[in-house]
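If you count the sequence shown from 1, position 687 lands on 710 in this note's numbering, and the numbers rise without skipping. Glycine included, each C-beta is placed from N, C-alpha and C at the ideal position. Nothing here was measured: the structure is a model prediction, and the numbers come from that model.
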Amino acid sequence: MQRSWSALMIAADQDRAGAPLLRTERRVEVVHGTVTRAALAVTALGIVECYVGGRAVSDEVLTPGWSAYEWRLRYRTHDVTQLVREAGAHLVLGLALGRGWACGRLGYTGGRAFYAQEPSAIAELCIEFADGHVQTIVTDASWQAGPSCVTANDLYDGQSIDARLRDDSWLSPGAMLNDWGGVHPVEFDSSRLVAYRSPVVRRQETLGPLAIWTSGSGSTLVDFGQNLVGWVRLRARGEPGSVITVRHAEVLDHGELGVRPLRSALATDRFVLSGADDTFEPTFTAHGFRYAQVDGFPGILQADDLEAVVVHTDLDRIGAFECSDPAVTRLHENVVWSLKGNVLDVPTDCPQRDERLGWTGDLAVVAPAAAYLFDVSAFLDDWMADLAAEQRAADGRVPFVVPDLLKLDQKARGMFPPMESVAIWSDVAAWLPWTLWQAYGDREALTRHFPAMVAHVRRVERLLSARGLWEGGFQFGDWLDPDAPADDAAKAKADKAVVATAAFYRSAAITAAAARVLDDAPTADAMTGLAARLRGAFREHFVYDGGHVVSDCQTVYALAICFGLLDGSERDVAGARLASLVAGSGYRIATGFAGTPFVLDALTDTGHVQSAYRMLLQPEPPGWMYPIRMGATTMWERWDSMLPDGSINPGEMTSFNHYAFGSVADWLHRVVLGIAPGSPGYGDVIIAPRAGGGLSWARGSLRTPRGLVSLSWSRGDGDSITLDVSVPDGMRAIVRLPGEPEHQLAGGQRSFRYTTHVAP
Ligand code: BGC
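In structure tokens:
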């Protein structure tokens, strides 16, 4: 329901280093009796932290995150009943602002303040009293604004805090406020205000240093042991006015902080000491890092002087996986950490360099794994609302990034040529809702997302060539194929039209299926017809010699097999060709963003599961195990972001925290462990582990909308396998084991023993 606002969006009259404090002091109308309820609705163009009666109203950080602000600025409503009661008759409502996504830097072209020139906030505090009276306190021109101890703040570049300026008296009634001034209303259309659907960002955990040492150049370096996203909280006491600098990076480069992959992001926090015991925590920035360089610390830095604070959208962890091979379990853990690192309110490509954008293709491929590991339903439902808003304004075109910063950069600085939909990236509009539907079975969510699915398909339909193919025009294609040159990630082996037509066929087929779920027969018929035409054109132009696919490489076979573009024996031929390409490459991966999510499934589904295992476990680059051997704690952007000699890949894009290749976790869940949705939202669950790769056991669980499914299997003597399954009441488990008839289980626990002919 749309809320009506009487508050004004206000900003400080003076800039205050982009981090002003806003306050109002009011008498609480206690003549009306006790406070029965008080609620604060608030948001900002920038970042806002709120205080009522001197106390923080929430432990959330970086609110309101980043949404497509032109149409959707999300607000929070906090229950502040207790805080208002405790404040008594004189209440101070305070808002601390930072630049955030609206006013700070965004993107890789150096632009900033894409949505607003100055941080501003809007708030309404409604206090209800015992006699039914309601007092409303709103942001308006009567508020005051003053300086904070934050002297610089930017998400990419870092934050400066001068502890000498810290003065909490602004939150007390009757404070003497030197150097404070006024505020002014900012023009703002309150119909853009929408309630959050997504959970907010919170601190999740802290990690202490694993090691602190002095580098060759004499710098103090700290290793937190895990590539993570957040900031360093630091305690110090020293000369007033002396400065501690904390610079962050994901890797070391020749024994020093490896900052080159950050490109222009400075990722540097500065803390000025007050002379007393100071604690610094920069909450208006975020860094992707494992290592920190700390300069200017008074005395010798000790482990208990600092910790890394992990920050991300507060998603519930619902899926678990581990197995007997510690390297595979570590790979899985790396996917989990890359997800944590790339859900800082927006599902991003990477969290560290001057980018951190909602690249749609990255999400399209990792979404199935993400939906198992975390409950991403509300988070991605919120993001889909941004996608739909962008898409509506672009006549059905799905941008490369959501929110669409590239469009804003284009407007502001003419940075990019006009863009058109592209395969996989734009296909997120169809693929993601279908993934969410499979994982959570929420029909209302599918109904909400359906128009975006249809609009995407309609748009791309208009781009098809006379041959009925998606060919010509710009495509990212099989982005980051390991055989592409380091400086030309789109130059893949896979033919771009093959990839695009296959991906679009999948979108049309999925949209037809969604239309059937939603009882929209005309759309279902139209989409089914389109899908059939695409399939026909694909087969006519791209399939030859009974199952070979044009450009003959791992990715095109993976897509043709997994998307159902081949018939009967063609599928066997394609599977055999894929298996032989894989063996011929020494089981090295030869796929980029397009092929990687599907290559192991394509092998598995055509009878080559042991080849899939060999590919998974192959230790040389390119492959999933190589980064593990190199000590990776997150998924890398490139198969060889770090080269075998420990140096950083010279490519312009070299992130060590990119979730796209983490799509493999989906195969680990469905095939190695053996838990897959049998019907949307796990009304049915398919239990079908495929032992292999020398693994002696695997175990895991998933908290589905119907309850907890857990499973473990272990290899006994010889080829015997014991499988223990537990499913909640009301869920049907369909158990498919090699060489066994299908079993069905309606709730409860059950053990199975079977043999597999595959040697351990
Ligand atoms: C991003 C990718 C993204 C790609 C598309 C890169 O800069 O980091 O992950 O999908 O651009 O071209």
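The residues Y636, L640, in chain order, have a CB closer than 6 Å to that of G716 in the same chain once the five nearest residues on each side in sequence are set aside.
In the DSSP secondary-structure assignment, V332 is bridged to T229, W254. At the C-beta level, R122 and G69 come within 9 Å of one another.
Rounded to the nearest whole angstrom, the CA to CA distance from F586 to A30 is 51 Å. Within the segment 441-467, the complete alpha helix (DSSP H) segments at least 4 residues long are 451-463, listed from N- to C-terminus. By the Cβ-count criterion, D427 is buried, with 16 or more other Cβ atoms from all chains shown falling within 10 Å of its own Cβ. H335 and M638 have their C-alpha atoms roughly 32 Å apart.
The C-beta of T291 has 16 or more other C-beta atoms within 10 Å across all chains shown, which makes the residue buried. Short note on E443: C-beta not closer than 8 Å to any heavy atom of the ligand BGC. Here F439 has L429, Q433 as same chain residues with Cβ atoms under 6 Å from its own Cβ, once five neighbours each way along the sequence are excluded.
Between F152 and F247, the C-beta spacing is not below 9 Å. Rounded to whole angstroms, V573 and A42 show a C-alpha spacing of 56 Å.
Listed in chain order, the non-local C-beta contacts of A531 below 7 Å within the same chain comprise V480, M550, L553, A554, L557, local neighbours out to five positions each way being set aside. By DSSP's assignment, W720 forms a beta bridge with S737. Annotated as distal: L118 and V51, with beta-carbon spacing of 9 Å or more.
Only residues of its own chain outside the window of five on either side were considered, and among them P642 have a CB closer than 7 Å to the CB of R652, listed in chain order. With respect to the 9 Å criterion, G739 and T745 are classified as neighbours on the basis of their beta carbons. Per DSSP, the continuous alpha helix (DSSP H) segment holding R600 begins and ends at 591-607. DSSP places L129 in the coil class of the three-state scheme, outside both helix and strand. Taken atom to atom, the span from the alpha-carbon of S81 to that of D628 is near 49 Å.
Contact annotation: the segment 318-326 does not touch the segment 204-211, with fewer than three C-beta pairs closer than 8 Å.
Of all alpha-carbon atoms in L120, V445, R46, G342, the one lying nearest the alpha-carbon of I698 is that of G342. Per DSSP, N680 lies in no beta strand (DSSP E) and is assigned neither H nor E. Cβ-Cβ distances below 6 Å link V622 to Q577, A581, T614 in the same chain, with the five nearest sequence neighbours on each side left out; the list follows chain order. Short of 6 Å from the beta carbon of W662, and not among the five residues preceding or following it, lie these beta carbons of its own chain, in chain order: P505, P644, P645. The alpha-carbon of R726 is positioned some 12 Å away from that of S749. Counting along the chain, L44 sits inside no alpha helix (DSSP H); it lies in the beta strand (DSSP E) bounded by residues 44-50. When the beta-carbon positions are compared, H207 and I33 come within less than 9 Å of each other. Restricted to the segment 58-116, the beta strand (DSSP E) segments that are unbroken, complete and at least 3 residues in length are 58-68, 70-75, 96-102, listed in chain order.
Around the C-beta of Q498, 16 or more other C-beta atoms lie within 10 Å, and the residue is accordingly described as buried. Between the alpha carbons of T59 and R49 lies a distance of about 18 Å.
The count of Cβ pairs closer than 8 Å, one atom from the segment 215-224 and one from the segment 324-331, stays below three, leaving the stretches out of contact. Counting C-beta pairs closer than 8 Å gives three or more between the segment 563-573 and the segment 514-522, which meets the contact rule. Comparing alpha-carbon positions, the option among F303, G239, W236, S240 lying closest to T268 turns out to be F303.
Cβ atoms of W493 and L486 come within 8 Å of each other, at about 6 Å. Under the three-pair Cβ rule at 8 Å, the segment 417-426 does not count as touching the segment 457-466.
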